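Engineer:
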Amino acid sequence: MLSRVNHKNFVNLIGYCEEDEPFTRMMVFEYAPNGTLFEHLHIKEAEHLDWNARVRIIMGIAYCLQYMHHEINPPVAHSSINSTAIFLTDDYAAKVAEVNIWSGASSKSHGSEDDKSDKSDKSDKSDKGGLPPVTDPETNVYDFGVLLLEIISGKLPYSEEQGALVDLAAEHLNGKRSLTYLIDPSLKSFKNNELDLICEVIQDCIKPEPRHRPTMKEVTSKLREVIAISPDQATPRLSPLWWAELEILSVEAT
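Numbering (UniProt numbering), first residue to last: 1 to 254.
1) Count the C-beta pairs between the region 36–50 and the region 146–164 that are closer than 8 Å, then say yes if the count reaches three, no if not.
2) Using the beta-carbon count (16 or more within 10 Å), is residue 256 buried or exposed?
3) Which of the three DSSP states, helix, strand or coil, is assigned to F144?
4) List the residues that DSSP assigns as beta-bridge partners of Y16.
5) Per the contact definition of three or more C-beta pairs closer than 8 Å, is the region 157–174 in contact with the region 217–225?
6) Pull up the distance between the alpha-carbon of R211 and that of E21, whole angstroms please.
7) What are the complete alpha helix (DSSP H) segments, minimum 4 residues, inside the region 132–211?
8) I'd like the list of long-range same chain contacts for S189, defined as Cβ closer than 7 Å, with 5 residues on each side in sequence excluded.
9) Say whether the region 70–81 touches the region 17–31, bearing in mind that this needs 3 or more beta-carbon pairs closer than 8 Å, one atom from each stretch.
10) Would you kindly work out how many angstroms separate the C-alpha atoms of V201 and P236, rounded to a whole number?
11) List, from N- to C-terminal side, the alpha helix (DSSP H) runs of 4 residues or more that fit wholly inside the region 31–79.
12) Straight-line CA distance for V226 to L179?
13) What three-state label does DSSP hand H7 in the structure shown?
14) State the DSSP-derived secondary structure class of V96, mapped to helix, strand or coil.
15) For V76, which of Q66, S83, N82 and A85 has the nearest alpha-carbon?
16) Let me check understanding here. Comparing Cα to Cα, which of I14, A62, C205 and A53 lies closest to T139?
17) Given that a residue counts as buried once 16 or more other Cβ atoms are within 10 Å of its Cβ, and exposed if not, what is Y92?
18) Of the choices A228, P185 and C17, whose alpha-carbon is the least far from that of N193?
19) Where does I86 land, buried or exposed, given buried means 16+ other C-beta within 10 angstroms?
20) Is it true that the CB of D143 sits closer than 9 Å to the CB of S80?
21) CB S83 to CB L37, shorter than 9 Å?
22) To the nearest angstrom, how far is it from the Cα of P185 to the Cα of F10?
23) Excluding the 5 residues preceding and the 5 following H7 in the sequence, name in chain order all residues of the same chain whose CB lies nearer than 7 Å to its CB.
24) So, using beta-carbon positions, are K191 and V55 closer together than 9 Å?
25) Can you say whether C199 is buried or exposed, counting buried as having 16 or more other CB atoms within 10 angstroms of its CB?
26) Of the choices Q203, A97, E47 and S230, whose alpha-carbon is the least far from that of L148?
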């Protein structure tokens with residue numbers, strides 16, 4: 001699946017190594033040096049993300065999911081869209097990573113016969129032979145809505161103290177309380193028109209009935225009505241392989 005996804009906001013697969021003696025499974029991905037979105041939202045020591053950076057990250061994720069759902073045939077759904085699956089480049093562009101594919105493929109290749117028979121007895125049918133959980137575009141849309149909430153609020157999607165973030169935000173989203181109370185207090189400023197639009201999109205994405213949710217194409221189109229960030233502006237300004245490209249150029253010059 002990874003080889004089918006080729007998008008500038010995706011942590012693209014560069015190469016793969018498979019050896020039986022000694023047992024080795026290795027995948028080489030693009031490098032995103034600024035860690036995960038989760039770290040920047042929830043760990044104080046990480047670099048603070050201002051409003052413009054967060055909105056650019058949102059658009060990068062949206063463009064990538066639109067590509068996966070609508071521009072690949074057959075469509076590809078991400079196994080679990082959340083802030084730990086979003087990596088950030090040098091200039092804080094979003095890179096969507098499909099980390100579950102590698103862990104699933106590795107366990108499937110390396111599992112013993114006993115392991116395989118044990119797995120087949122388990123009632124959880126979403127983990128067949130070590131593969132990642134089965135998902136679909138509608139679930140991705142819901143998860144994207146939850147991720148938007150996490151990005152604008154700086155709160156975890158779920159904690160024992162607050163419960164589910166979706167439930168906590170319900171009164172703000174339905175107009176009973178001001179949207180400004182949703183905003184991450186560490187943000188010094190934000191744009192009201194963009195906040196209003198993002199909250200509308202969140203409401204659409206987290207509808208309980210999957211068939212009532214918008215597609216990622218519709219989500220991206222709606223976001224672009226107010227957020228003036230094109231696909232090119234949402235992608236990394238430097239190639240993640242810039243160091244390799246420089247090395248090639250230096251060799252060619254000698």
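Positions of the beta carbon are idealized from the N, C-alpha and C atoms, including for glycine. Source: prediction; values computed, not measured.
Structural biologist: Based on what the coordinates show:
1) Contact holds: three or more Cβ-Cβ distances are below 8 Å.
2) A question about residue 256 goes unanswered here, because the residues of the chain that appear run from 1 up to 254.
3) In the structure shown, F144 sits in a helix (DSSP, three-state: H, G or I).
4) The partner list for Y16 (beta bridge, DSSP) reads M27.
5) No: the two stretches stay apart, fewer than three of their Cβ pairs being nearer than 8 Å.
6) Using only the alpha carbons, I get a separation of about 48 Å.
7) Every alpha helix (DSSP H) stretch that sits fully inside the region 132–211 and reaches 4 residues is listed by chain position as 137–153, 165–173 and 192–205.
8) Non-local C-beta neighbours of S189 in its own chain, meaning closer than 7 Å and more than five positions away in sequence, comprise W51, ordered along the chain.
9) Output reads no: the region 17–31 does not touch the region 70–81.
10) The straight-line gap from Cα to Cα measures roughly 25 Å.
11) DSSP runs (the alpha helix (DSSP H)) wholly in the region 31–79: 37–42 and 51–70.
12) A straight-line Cα-Cα distance of about 17 Å links V226 and L179.
13) DSSP places H7 in coil when its eight states are reduced to three.
14) Per DSSP, reduced to three states, the secondary structure at V96 is strand.
15) Proximity to V76 across Q66, S83, N82 and A85 peaks at Q66, based on C-alpha coordinates.
16) Cα-wise, what sits closest to T139 is C205.
17) Per the 10 Å Cβ criterion, buried.
18) By alpha-carbon distance to N193, the top candidate from A228, P185 and C17 is A228.
19) Buried, by the Cβ-count rule.
20) The answer is yes: Cβ separation under 9 Å.
21) For S83 and L37, yes; Cβs fall inside 9 Å.
22) Put simply, the backbone Cα of P185 is about 30 Å away from that of F10.
23) The beta carbon of H7 lies closer than 7 Å to those of C64 and Y67 in the same chain, with the five residues before and after it left out.
24) It is a contact, given that the beta carbons lie within the stated cut-off.
25) For C199, the number of other beta carbons within 10 angstroms of its own is at least 16, and it is reported as buried.
26) Comparing Cα-Cα distances from L148 to each of Q203, A97, E47 and S230, the minimum goes to Q203.
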